[in-house]
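Chemist: Residue numbers (the working numbering), protein chains in the order written: chain A, 18 to 265; chain B, 22 to 263. Handing you this structure, nothing more for now.
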Amino acid sequence: MRESVIEIVQATQKEDDAAVVVARAVYEHPLVVRLCHWINAVALFVMVGSGLQIFRAFPSFGAKIPQKDLLHWPRAFAIGGWLGGGLQWHLTFMWIYIATGIVYLGYQIFSGNYRQVLFTRRDIPGVWPMVRHYFFFGEKPPAREAYNSLQKQAYTAAIILGILSVLTGFAVWKPVQFSWLAWLMGGFHYARIWHFAVMWAILLFVFGHLVMVILHGWNNFVSMLTGWKKDPEYFDPNDAMREDEVGK
Amino acid sequence: MKNYNRKMDEKKFRQVSRRELLKLTPVLALGAFAIPPLQEGLLKKGLHFSDWSAARLFRKGHLAPTFDDSDVAPFAKFPINGYDIDDPGVDFDTWTLTVSGAVQKPGEYKLSQVQALPRIRQNTRHICVEGWDVVGRFGGARLSDFLNLVGADPAARFITVSCADDYYESLDIATARHPQTLLCYEMYDQPLSREHGAPLRLQIPTKIGYKQAKYLTELKVTHVLEKVGYWEDQGYSWFYGL
């Protein structure tokens with residue numbers, strides 16, 4: 018789906034004065050996407066913080082006897098204060114996290130907007146030029162759409178990781194009622210390891226995402242607040258949008 | 022041919038942007054969790070919702086996984102977890118289980134009466150809320166057989182137990198009557214050791230560890246939840262089915 022473009026012009030007093038274009042803007046992110054993004058960001062923050070609090074109670078993936086801790090996660094960087102508190106936050110916010118995930122996925126699929134984000138076979142050739150540009154000083158490939166191939170890969174992976182975080186979480190939370198799910202993961206003991214590993218993969222994504230947001234400047238950041246991106250790189254003069262269509 | 026007006030003046034664009042930003046206000050509702058007087062209530066509701074959905078997910082006939090003898094951890098590696106002391110010094114000569122509440126035959130029950138019921142042995146996974154787990158071997162009578170022995174009211178909804186170390190717990194009747202829920206008096210084919218809850222404990226492979234109370238002294242059958250549980254009263258989940 019091509020995003021619709023408008024031209025922002027200086028406010029003029031006279032009707033017949035030529036309009037001076039000061040910027041262009043594209044409506045990139047529908048409201049549902051933006052709401053889910055920010056609510057889920059908060060929910061994810063709480064899930065990670067409270068999850069690490071829970072982890073602190075037994076920071077190991079081996080036997081209890083003898084106990085060999087994997088890493089010491091400081092209490093100051095965990096949410097809840099203690100195991101009981103951590104569980105309260107985790108078992109409360111998990112529903113918010115899951116709900117925003119379902120609303121987001123449902124919206125993307127039913128509106129067709131998923132095409133903006135989904136990584137497909139056609140995106141494979143575009144990944145390496147983007148990686149070369151970011152990490153190896155290669156030249157910047159021209160932008161043709163809202164998300165380049167590397168972005169699509171990152172966001173698609175993030176969605177898959179989000180789904181995995183929920184599935185592994187359910188296997189850890191209900192290893193008897195979801196015994197088939199736990200079995201797929203190798204049983205409760207391994208499901209707990211997968212749940213922990215998926216969290217780190219998500220944190221890696223978040224780190225990369227934040228770096229990219231900072232690198233790509235204010236206009237880009239604002240697009241996830243208002244939906245509008247000013248002066249998009251991929252502006253195509255053939256795209257048009259009626260004024261009464263704006264904001265729909 | 023349609024005429025598209027692709028232009029918007031700056032002022033209008035700013036208005037549109039501001040309106041779109043304001044539409045994000047619902048996100049601020051999450052801020053309620055940061056307000057101390059509201060926080061406790063919200064978390065309690067959240068935990069309660071999790072408990073409710075856990076109870077809805079529970080299937081009476083669905084069994085917890087069982088294991089081969091070769092998968093069972095050695096007895097020395099089965100952790101002892103208590104909240105206060107490991108051995109409350111139960112006097113086995115005088116010990117009885119005091120049964121009360123909605124039952125036809127209340128009173129003192131001896132260990133031999135529990136042991137006379139059909140003995141079930143099972144290798145199941147014990148999961149502690151802390152996160153560790155261990156596969157052990159347990160033996161005992163089905164709690165449902167014992168409830169039939171004492172003539173428990175079929176309409177009763179809860180079981181409450183009290184322990185020699187002042188610990189206490191409660192169970193929903195569906196879990197109490199689950200085929201794998203045991204009044205356990207054996208571990209690894211030997212009578213329970215003191216630290217593991219002798220002479221009688223709950224062994225419930227469909228529940229988290231802290232609900233499997235040790236050194237039982239009293240059992241009450243009720244229609245209403247009176248006493249909840251030691252750890253629940255500190256803020257943990259009540260249902261915590263696995």
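Think of the CB as a built atom: it goes at the ideal place given N, C-alpha and C, for glycine as much as any other residue. The structure displayed is predicted, hence computed values, not measured ones.
Can you list the residues of chain B that Arg51 of chain A reaches, using a CB-CB cut of under 7 Å?
Modeler: The answer, in chain order, is Leu45.
Chemist: Between Arg35 of chain B and Val144 of chain A, what straight-line distance do the alpha-carbon atoms span, to the nearest angstrom?
Modeler: About 36 Å.
Chemist: With 8 Å as the threshold, decide whether the Cβ of Trp55 of chain A is near any Cβ in chain B.
Modeler: Closer than 8 Å to some Cβ of chain B, the Cβ of Trp55 of chain A qualifies, so yes.
Chemist: Just mark Ala28 of chain A as buried or exposed, buried being the case when its beta carbon has 16 or more other beta carbons within 10 Å.
Modeler: Result: exposed.
Chemist: Can Gln201 of chain B and Gln136 of chain B be called in contact, C-beta distance under 8 Å?
Modeler: No, the pair does not count as a contact, with Cβ atoms beyond the cut-off.
Chemist: At what residues does the beta strand (DSSP E) containing Met202 of chain A begin and finish?
Modeler: Looking at the DSSP string, Met202 of chain A is not in any beta strand (DSSP E), and its letter there is neither H nor E.
Chemist: Helix or strand or just coil, what does DSSP make of Asn165 of chain A?
Modeler: Asn165 of chain A falls in the coil class under three-state DSSP.
Chemist: Expressed to the nearest angstrom, what Euclidean distance is found between the alpha-carbon atoms of Met18 of chain A and Ile194 of chain B?
Modeler: Unreliable positioning characterises Met18 of chain A in this predicted model, as indicated by a pLDDT of 33, which lies under 50. A coordinate reading is not provided.
Chemist: Suppose you measure from the CA of Ala58 of chain A to the CA of Ala160 of chain A; what does that come to, to the nearest Å?
Modeler: Computed Cα separation, rounded: 27 Å.
Chemist: If the cut is a Cβ gap below 9 Å, which residues of chain B does Glu267 of chain A touch?
Modeler: Since the first residue shown for chain A is 18 and the last is 265, residue 267 of chain A is missing from the structure and cannot be characterised.
Chemist: Could you please tell me which residues of the stretch 209-230 of chain A, in chain order, have their CB closer than 8 Å to any CB of chain B?
Modeler: The stretch 209-230 of chain A vs chain B, Cβ under 8 Å: Arg209.
Chemist: Would you give the residue range spanned by the alpha helix (DSSP H) that Phe152 of chain A belongs to?
Modeler: Taken as a continuous stretch (DSSP letters only), the alpha helix (DSSP H) holding Phe152 of chain A covers Ile141 to Phe152.
Chemist: Once DSSP output is grouped into helix, strand and coil, what is the label at Lys33 of chain B?
Modeler: In this structure, Lys33 of chain B counts as helix in the three-state DSSP scheme.
Chemist: Could you check what DSSP says for Tyr228 of chain B in three-state terms: helix, strand or coil?
Modeler: It is Lys, not Tyr, that sits at residue 228 of chain B in the sequence shown. Correct three-state label for Lys228 of chain B: strand.
Chemist: Please compile the residues from chain A whose C-beta is within a distance smaller than 8 Å of the C-beta of Ile148 of chain B.
Modeler: Residues of chain A passing the Cβ test: Pro192 and Phe205.
Chemist: In angstroms, rounded to a whole number, what distance separates the CA positions of Ala35 of chain A and Leu69 of chain A?
Modeler: Cα to Cα, Ala35 of chain A sits roughly 60 Å from Leu69 of chain A.
Chemist: I'd like to know whether the C-beta atoms of Asp108 of chain B and Arg222 of chain B end up nearer to each other than 8 Å.
Modeler: The answer is no: Cβ separation not under 8 Å.
Chemist: Spell out whether any CB of chain B is found under 8 Å from the CB atom of Phe75 of chain A.
Modeler: Output row for Phe75 of chain A: interface = yes.
Chemist: Using beta carbons (cut-off 8 Å, strictly below), is Arg198 of chain B in contact with chain A?
Modeler: Not closer than 8 Å to any Cβ of chain A, the Cβ of Arg198 of chain B fails to qualify, so no.
Chemist: Less than 8 Å between the C-beta atoms of Ala208 of chain A and Ala214 of chain A, yes or no?
Modeler: No, these two residues do not count as a Cβ contact at 8 Å.
Chemist: Can we say the stretch 212-231 of chain A touches the stretch 172-185 of chain A, given the rule of at least three CB pairs closer than 8 Å?
Modeler: Short answer: they touch.
Chemist: Looking at the secondary structure, which residues open and close the beta strand (DSSP E) in which Leu45 of chain B lies?
Modeler: Counting along the chain, Leu45 of chain B falls outside any beta strand (DSSP E), and DSSP gives it neither H nor E.
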